[in-house]
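Each residue of the sequence shown is one higher than the last, beginning at 0 in numbering that gives the first Met the number 0.
From the three backbone atoms N, C-alpha and C, an ideal C-beta is built for every residue, glycine too.
All figures in this text were calculated on a predicted structure; none of them were measured in a lab.
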Amino acid sequence: MTSPLADSTARSTATRSSESLSPDGLSTGALSADSNADSNASGAPLGAPSASIRALSACRLGPLGLAIYNVLYWPYLLGSCVLLFAPASLLWLLTAPWDPKRRWLGAFTRWWGRHYLGWAPYAGLRVTGAEHLASVEQAVYVSNHLSMVDILALYALPRPFLWVSKIENFYVPFLGWNMWLNRYVPLRRGYLPSIMRMYRTCVRRLGEGFSLCLFPEGTRSETGRMRPFYPGAFRLALRAGVPVVPLVLEGSDRVLPKKRLQIAPQPVTLRVLPPVTPEEVGHDWRRLRDEVRRRMERAQAELHG
0 MTSPLADSTA RSTATRSSES LSPDGLSTGA LSADSNADSN ASGAPLGAPS
50 ASIRALSACR LGPLGLAIYN VLYWPYLLGS CVLLFAPASL LWLLTAPWDP
100 KRRWLGAFTR WWGRHYLGWA PYAGLRVTGA EHLASVEQAV YVSNHLSMVD
150 ILALYALPRP FLWVSKIENF YVPFLGWNMW LNRYVPLRRG YLPSIMRMYR
200 TCVRRLGEGF SLCLFPEGTR SETGRMRPFY PGAFRLALRA GVPVVPLVLE
250 GSDRVLPKKR LQIAPQPVTL RVLPPVTPEE VGHDWRRLRD EVRRRMERAQ
300 AELHG
């Protein structure tokens with residue numbers, strides 16, 4: 000929720016069930032090569048709740064059907080946020096005293112975000128490169144940013160993390176309140192005291208063992224090309240001594256372009272790239288930033304094909 004739809008190529012039913020049962024999402028199956036961490040054996044779109052919905056998702060709706068779908072989707076999104084905040088709050092009340100890392104609430108929140116992807120007709124989310132996470136326990140994840148859909152897609156990662164997000168999102172009813180409960184990190188963009196406070200909070204969260212996820216561009220790209228990267232994510236990774244894991248999204252801008260509310264379901268790809276460690280770049284944040292960007296641009300070019 001930055002900064003708060005999906006031809007799965009599922010490998011096994013166990014992949015999906017193991018992520019559902021584990022608060023950390025640390026299943027062996029979820030880390031297999033060319034995997035979709037949250038799909039089932041039928042090849043259903045990510046998060047599809049039933050066979051009937053999967054059948055709907057396989058249909059070409061046409062202009063009228065797509066218009067009806069858009070009319071229904073947004074009320075469903077709003078209504079479900081109201082309904083799902085109640086169990087999220089209850090889960091927080093029951094687990095917060097003995098679960099300071101919010102593992103169970105985080106697992107529920109990841110499902111909450113992912114399940115919307117299953118309601119997009121003839122769309123698909125494909126996750127590739129998840130095997131690169133097999134040796135990663137803690138990291139700073141950085142992704143390009145094309146659409147609001149990116150937030151939902153990144154919840155498919157088989158690893159828990161905290162978002163660093165603009166402060167306005169934390170005051171969105173229900174969704175924003177859940178961000179507070181999850182201990183996500185707020186930021187008022189362009190306001191130096193808030194930026195410094197965000198940095199100190201991120202240092203503490205990393206020290207507590209959390210992973211972080213940021214959009215280093217700071218906002219969505221309107222052209223598909225990555226904007227310049229801010230240094231914060233890379234400075235944080237060096238200070239904490241953790242790797243940066245580059246993530247590349249492709250196709251989400253065609254699903255929901257910036258400044259539009261009409262969904263046009265298209266396939267989305269999330270590619271996980273090999274982590275870049277501080278040692279690889281001589282503990283220099285500029286070299287780390289440039290190496291991460293170089294890998295992401297190369298992956299973007301490959302995905303554009």
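Note on G61: under 16 other CB atoms within 10 angstroms of its CB, so exposed under the neighbour-count rule. Minimum Cα-Cα distance from M295 among the listed residues E216, E130, I194 and N177 corresponds to E216. Collapsing the DSSP output to three states places R125 in a strand.
DSSP links R270 through a beta bridge to T127 and V247. In this structure the region 89-97 does not touch the region 165-175; the number of beta carbon pairs closer than 8 angstroms is below three. Residue state for L151 is assigned as helix, using DSSP reduced to three classes. Classified as buried, N143 has 16 or more neighbouring CB atoms from the shown chains inside 10 Å of its CB. Secondary structure in the region 178-237: the alpha helix (DSSP H) runs of 4 residues or longer, each lying completely within the stretch, are 191-206 in chain order. In the DSSP assignment, W176 is bridged to no other residue.
Beta bridge pairing from DSSP links W162 with C212. CA-to-CA, the gap between W111 and S210 works out to about 19 angstroms. Below 8 angstroms, enough C-beta pairs join the region 173-181 and the region 72-92 to call them touching: three or more. Looking at the backbone, the Cα of L186 and that of Y68 are separated by about 34 angstroms. Across the structure, V275 and A66 are spaced so that their CA atoms are roughly 43 angstroms apart. By the 16-neighbour rule on beta-carbons within 10 angstroms, Y190 is exposed.
Distances from the CA of L89 to each of L132, L63, L77 and L180 were compared; the closest alpha carbon is that of L180.
Counting only the Cα atoms, F228 lies some 25 angstroms from P157. In the DSSP annotation of this structure, V70 is not part of any beta strand (DSSP E); the continuous alpha helix (DSSP H) holding it starts and ends at G61 to T94. For V291, the enclosing alpha helix (DSSP H) covers residues W284 to H303. In the three-state reduction of the DSSP assignment, V171 falls in the coil class. At the C-beta level, R219 and S134 stay beyond 9 angstroms of one another.
Straight across, the Cα-Cα distance linking F214 with W103 is about 24 angstroms. With respect to the C-alpha of W162, the residue from C212, R196 and N177 having the closest C-alpha is C212.
A direct Cα-Cα distance of roughly 28 angstroms separates V139 from C80. Here A300 is exposed. Its C-beta has fewer than 16 other C-beta atoms within 10 Å. Taking all protein chains in view, the Cβ of D252 is crowded by 16 or more other Cβ atoms within 10 Å, so the residue is classified as buried.
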